[in-house]
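Participant:
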Amino acid sequence: KELKSIPFDRILFEYTIPRMGRRIDNVVFYKGVVYLLEFKVGETKYKNADLKQAEGYALDLKYFQEGSRNRKLVPILISTEAEDYQNEIELEEDVCRPLRANAFNLQQVILQAAEKFNEDDIDSISWENSPYNPTPTIIEAGQALYANHKVDEITRQDSIGKTFTQTSRAIDKIIMESKRDSKKSIIFLTGIPGSGKTLVGLDIASRYQNVEDKEHAVYVCGTSALIHVIQEALVRDRHSRLKGTDDEETKESIRKKVEVLFQVILHYRKSIITEENPLYEKIVVFDEAQRMWDPHEADKNIKALGLPPRGKSEPDLFIEHMDKVDDWAVILCLLGGGQEINKGEDGLIEWLKSVKENFPHWNVFGAPEIGTKDYLGNVSADTALDLVNKTFIDELHLKTSTRSFKAGNFSKMINHFLDREIPQVKEIIKEFNEKDDDEKYHLLVTRDIQTAKDWVKKKVRGNDRCGIFTTALSHRLWPEGIVKRGQREFNELGWWLDDEEHIDSSLALEIPCTEFFSQGLELDWSIFAWDACLRPNNSDWDYLRFERSKWKKITKATKRKYLKNAFRVLLTRARQGMIIFVPKGDENDKSRLPEFYDPIFNDLKEIGIKEI
Numbered sequence: 103k104e105l106k107s108i109p110f111d112r113i114l115f116e117y118t119i120p121r122m123g124r125r126i127d128n129v130v131f132y133k134g135v136v137y138l139l140e141f142k143v144g145e146t147k148y149k150n151a152d153l154k155q156a157e158g159y160a161l162d163l164k165y166f167q168e169g170s171r172n173r174k175l176v177p178i179l180i181s182t183e184a185e186d187y188q189n190e191i192e193l194e195e196d197v198c199r200p201l202r203a204n205a206f207n208l209q210q211v212i213l214q215a216a217e218k219f220n221e222d223d224i225d226s227i228s229w230e231n232s233p234y235n236p237t238p239t240i241i242e243a244g245q246a247l248y249a250n251h252k253v254d255e256i257t258r259q260d261s262i263g264k265t266f267t268q269t270s271r272a273i274d275k276i277i278m279e280s281k282r283d284s285k286k287s288i289i290f291l292t293g294i295p296g297s298g299k300t301l302v303g304l305d306i307a308s309r310y311q312n313v314e315d316k317e318h319a320v321y322v323c324g325t326s327a328l329i330h331v332i333q334e335a336l337v338r339d340r341h342s343r344l345k346g347t348d349d350e351e352t353k354e355s356i357r358k359k360v361e362v363l364f365q366v367i368l369h370y371r372k373s374i375i376t377e378e379n380p381l382y383e384k385i386v387v388f389d390e391a392q393r394m395w396d397p398h399e400a401d402k403n404i405k406a407l408g409l410p411p412r413g414k415s416e417p418d419l420f421i422e423h424m425d426k427v428d429d430w431a432v433i434l435c436l437l438g439g440g441q442e443i444n445k446g447e448d449g450l451i452e453w454l455k456s457v458k459e460n461f462p463h464w465n466v467f468g469a470p471e472i473g474t475k476d477y478l479g480n481v482s483a484d485t486a487l488d489l490v491n492k493t494f495i496d497e498l499h500l501k502t503s504t505r506s507f508k509a510g511n512f513s514k515m516i517n518h519f520l521d522r523e524i525p526q527v528k529e530i531i532k533e534f535n536e537k538d539d540d541e542k543y544h545l546l547v548t549r550d551i552q553t554a555k556d557w558v559k560k561k562v563r564g565n566d567r568c569g570i571f572t573t574a575l576s577h578r579l580w581p582e583g584i585v586k587r588g589q590r591e592f593n594e595l596g597w598w599l600d601d602e603e604h605i606d607s608s609l610a611l612e613i614p615c616t617e618f619f620s621q622g623l624e625l626d627w628s629i630f631a632w633d634a635c636l637r638p639n640n641s642d643w644d645y646l647r648f649e650r651s652k653w654k655k656i657t658k659a660t661k662r663k664y665l666k667n668a669f670r671v672l673l674t675r676a677r678q679g680m681i682i683f684v685p686k687g688d689e690n691d692k693s694r695l696p697e698f699y700d701p702i703f704n705d706l707k708e709i710g711i712k713e714i
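Counting from 103, one number per residue, gives the positions in the sequence shown under my numbering.
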């Protein structure tokens with residue numbers, strides 16, 4: 103009724119954002135501007151969550167729908183019983199901050215907003231049918247796949263998005279051939295950080311769920327935080343979707359089903375060692391497969407269960423388990439290069455060694471990249487890949503980051519930086535800085551933590567998330583108010599999923615997250631707090647750990663590698679932008695001298711990162 107007297111060009115009802123299952127109540131086209139209406143009937147307040155929802159719709163369209171790229175988008179929350187609100191037009195990247203209206207002044211709100219714009223007419227039919235190329239977070243992707251969306255429905259439809267489909271099809275073909283020919287196969291899916299390995303693994307695990315015929319897949323990960331966060335996100339999402347319907351389920355019922363599909367490696371390992379697992383699964387997806395224990399560390403964990411040591415690595419134990427499966431079986435390993443971050447993690451080497459020495463009848467599939475230094479370290483490819491049955495398939499390597507949808511080469515830049523390949527770093531950062539604000543990946547450095555917090559708070563919009571990251575070896579950030587929690591005290595579910603009202607939430611910007619709780623997960627905006635544990639030294643780095651009262655150099659090569667990889671993980675967690683905080687230090691504190699931190703700051707400035 104409120105819209106009747108507005109000569110709008112067209113209005114859409116219950117417009118579904120393609121492929122992501124989100125629905126906007128109304129889309130109104132008026133004088134070249136797109137108004138997105140979200141109604142809350144009977145609501146007496148303009149709730150923060152509802153404002154975020156409305157703004158989130160606008161940002162989804164702005165970032166991922168071609169027709170909205172150069173258009174003004176105005177989200178409006180209509181809480182029908184709320185009081186009038188004095189709106190102000192605040193535009194950033196052509197998306198207006200959410201306006202507030204009620205059942206009696208919607209017309210007035212739209213007309214007042216329209217006075218602020220002078221836009222060319224819009225072809226609403228072309229807008230409605232324009233390509234939509236989403237880049238969901240891992241949490242969003244998991245929720246969509248668990249709700250029976252297909253991987254090509256939630257990924258980009260350009261050349262990058264098609265890579266997911268091609269990779270999934272290549273894996274499907276191997277699975278089908280293994281089943282047809284009664285073979286045992288192991289697939290190594292590699293890729294740079296943020297390239298979508300986890301997304302492909304979630305897709306495979308979600309689609310192969312023929313439990314009745316005892317031919318289902320399980321998704322297993324050594325990064326417990328990733329599994330716990332995905333599990334909880336799926337439970338919350340499904341419970342919310344089904345609430346009030348005939349199919350409504352309790353959270354406990356949903357959780358039992360989710361925990362069958364998504365398992366922490368600790369529990370999976372225990373079940374196969376104690377032979378509690380009845381060997382129903384035909385397919386096992388191992389995410390973060392580079393984080394597998396060598397025999398020494400595996401035995402320590404087995405002894406903790408009160409069982410005798412086996413003298414076998416985790417890959418040995420897992421392949422042995424699947425080798426007992428009748429007829430056929432497939433193991434899919436998702437491998438990140440240079441992401442081993444803890445003692446006893448031997449990456450791809452242990453998997454290949456196990457196949458070569460104990461299971462030569464298994465068929466090995468991977469891209470040519472598995473023979474590179476990124477995955478084999480100092481072991482020669484001729485030695486590691488001297489296997490009876492191996493096949494190289496190009497589609498089994500994901501080359502482009504989709505995490506930073508505003509900078510596909512961001513992960514490459516971080517790799518160059520950590521390898522001290524400075525000319526390449528400068529070239530990529532120069533490209534970042536030359537882009538328009540609404541298209542570029544934002545990368546800044548500051549010496550003041552409050553400046554960093556203010557910056558990310560200003561950047562967060564809609565359903566965006568932000569947070570602070572730092573390494574587990576950062577021990578002298580306490581005076582800056584950055585205090586890590588121990589692994590038992592850190593609340594990963596709250597940090598990744600709760601809103602800013604909870605102090606454990608990443609959005610509260612109070613508690614930092616380390617590499618042990620972040621692999622495979624991502625935020626939109628991040629603060630990386632850089633302590634003195636990694637310092638530039640010409641063409642290399644100085645690696646240090648803090649003991650009691652001073653910093654000591656790390657001399658062991660594996661521990662240096664773990665620290666460098668921790669930085670690699672944490673510097674690639676943000677999708678839209680990151681600000682690096684480098685403390686100024688304190689001349690009166692020998693553990694925080696300015697000479698520790700100034701070279702870090704100067705190095706970041708030298709490669710072209712702007713200071714605020």
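C-beta: ideal position from N, C-alpha, C; glycine also.
1) I'd like to confirm something about residue 641: is its beta-carbon nearer than 7 Å to some heavy atom of the ligand COA, or not?
2) Give the single residue among 480, 193 and 376 whose Cα lies nearest to the Cα of residue 161.
3) When DSSP labels each residue in this structure, what does residue 335 get in the three-state scheme?
4) On a CA-only basis, which of 200, 186, 189 and 338 is nearest residue 717? Give me that one, please.
5) Do you know offhand how far residue 260's Cα is from residue 218's?
6) When DSSP labels each residue in this structure, what does residue 641 get in the three-state scheme?
7) Let me know if residue 408 comes out buried or exposed under the rule of 16 or more other beta-carbons within 10 Å of its beta-carbon.
8) Can you tell me whether residue 197 is buried or exposed? The criterion is at least 16 other CB atoms within 10 Å of its CB, across all chains shown.
9) Quick one: residues in its chain with C-beta nearer than 8 Å to the C-beta of residue 342, no 5 flanking neighbours on either side, listed in chain order?
10) For the putative contact between residue 544 and residue 633, defined by C-beta atoms under 8 Å, what is the C-beta separation to the nearest angstrom?
11) Measuring alpha carbon to alpha carbon, tell me which residue in 626, 209, 685 and 619 is nearest residue 593.
12) At 3 residues or longer, and completely inside the region 180 to 205: list those beta strand (DSSP E) runs for me, N to C.
13) With a CB to CB cut of under 6 Å and the five nearest residues on each side skipped, what residues in its chain are close to residue 718?
14) Measure the beta-carbon distance from residue 138 to residue 208 and round it to whole angstroms, keeping in mind my assumption that it falls under 8 Å.
15) Of all the alpha helix (DSSP H) runs that stay within the bounds of the region 416 to 478, which reach a length of 4 or more residues?
16) For residue 469 and residue 290, I'd like the C-alpha separation in whole angstroms.
17) Leaving out the 5 sequence neighbours to the left and right, which residues in its chain are closer than 6 Å to residue 401 when beta-carbon positions are compared?
18) Determine whether the beta carbon atoms of residue 336 and residue 248 lie at a separation below 8 Å.
19) Do you know offhand how far residue 117's Cα is from residue 231's?
20) Let me check understanding here. Comparing Cα to Cα, which of 403, 296, 288 and 243 lies closest to residue 332?
21) Identify whether residue 360 lies in helix, strand or coil by the three-state DSSP scheme.
22) What residue from 205, 364 and 392 has the CA that sits closest to residue 146's CA?
23) What's the gap between the Cα of residue 541 and the Cα of residue 456?
24) Helix, strand or coil for residue 321, going by three-state DSSP, please let me know.
25) In whole angstroms, what is the alpha-carbon distance linking residue 320 and residue 364?
26) Can you say whether residue 687 is buried or exposed, counting buried as having 16 or more other CB atoms within 10 angstroms of its CB?
27) Once DSSP output is grouped into helix, strand and coil, what is the label at residue 705?
28) Pick helix, strand or coil for residue 610, following the three-state DSSP scheme.
29) My output table needs one value for residue 112: the three-state DSSP class, helix, strand or coil.
30) Do residue 130 and residue 173 come within 8 Å of each other at the CB atom, strictly closer than that value?
31) In three-state DSSP terms, what is residue 676?
32) CB residue 568 to CB residue 611, shorter than 8 Å?
33) Beta-carbon within less than 6 Å of residue 327's beta-carbon, same chain only, minus the 5 sequence neighbours each way: which residues are those?
34) Since residue 628 and residue 676 should fall inside the 8 Å C-beta cutoff, what is the C-beta to C-beta distance between them, to a whole number of angstroms?
35) What do you reckon, are the CB atoms on residue 392 and residue 449 nearer than 8 Å?
36) If we ignore side chains and look at the alpha-carbon of each, how far apart do residue 553 and residue 665 end up?
Facilitator: On the basis of the data shown:
1) Absence of the ligand COA from the depicted structure is noted, as is the absence of any ligand whatsoever, leaving it without description.
2) Per the Cα distances, 193.
3) Looking at residue 335 - three-state DSSP - the assignment turns out to be helix.
4) With the chain covering 103 to 714 only, the question about residue 717 has no answer from this structure.
5) The predicted position of residue 260 is uncertain, since its pLDDT is 49 and thus under 50; no value can be drawn from it.
6) The answer is coil: DSSP assigns residue 641 none of H, G, I, E or B.
7) In this structure residue 408 is exposed. Its beta-carbon is surrounded by fewer than 16 other beta-carbon atoms within 10 angstroms.
8) Residue 197 is classed as buried because its beta carbon has at least 16 other beta carbons within 10 Å across all chains shown.
9) Nothing meets the Cβ criterion.
10) Beta-carbon to beta-carbon, residue 544 and residue 633 are separated by about 23 Å, too far to satisfy the 8 Å threshold.
11) Nearest of 626, 209, 685 and 619 to residue 593, Cα basis: 619.
12) Segments of the beta strand (DSSP E) lying fully in the region 180 to 205: 201 to 203.
13) Any question about residue 718 goes unanswered here, given that the chain covers just 103 to 714.
14) Between residue 208 and residue 138 the Cβ distance is about 13 Å, and since that is not below 8 Å, they are no contact.
15) Counting only runs of 4 or more, we get 416 to 425, 449 to 460 and 475 to 478.
16) Distance between the alpha carbons of residue 469 and residue 290: 8 Å.
17) For residue 401, same chain residues with a beta-carbon under 6 Å away, outside a window of 5 residues either side, are 411 in chain order.
18) Residue 336 is a Cβ neighbour of residue 248, given a cutoff of 8 Å.
19) Those two C-alpha atoms are separated by around 12 Å.
20) Ranking the options by Cα distance to residue 332, first place goes to 243.
21) In this structure, residue 360 counts as helix in the three-state DSSP scheme.
22) Minimum Cα distance to residue 146 is reached at 205.
23) Taking the straight line joining both Cα atoms gives about 46 Å.
24) The three-state reading of DSSP puts residue 321 in strand, counting E and B together.
25) Here the alpha carbons of residue 364 and residue 320 stand approximately 6 Å from one another.
26) It is buried - the Cβ of residue 687 has at least 16 other Cβ atoms within 10 Å.
27) Three-state result, residue 705: helix.
28) Three-state DSSP puts residue 610 in a helix.
29) For residue 112, the three-state secondary structure derived from DSSP is strand.
30) Contact flag unset, no.
31) Annotated three-state conformation of residue 676 is strand, per DSSP.
32) If you check the CB distance, residue 568 and residue 611 come in under 8 Å.
33) 594 and 619, listed in sequence order.
34) The beta-carbon separation of residue 628 and residue 676, rounded to 4 Å, stays under the 8 Å limit for a contact.
35) Against a cut-off of 8 Å, the Cβ pair of residue 449 and residue 392 comes out as a contact.
36) C-alpha separation (whole angstroms): 27 Å.
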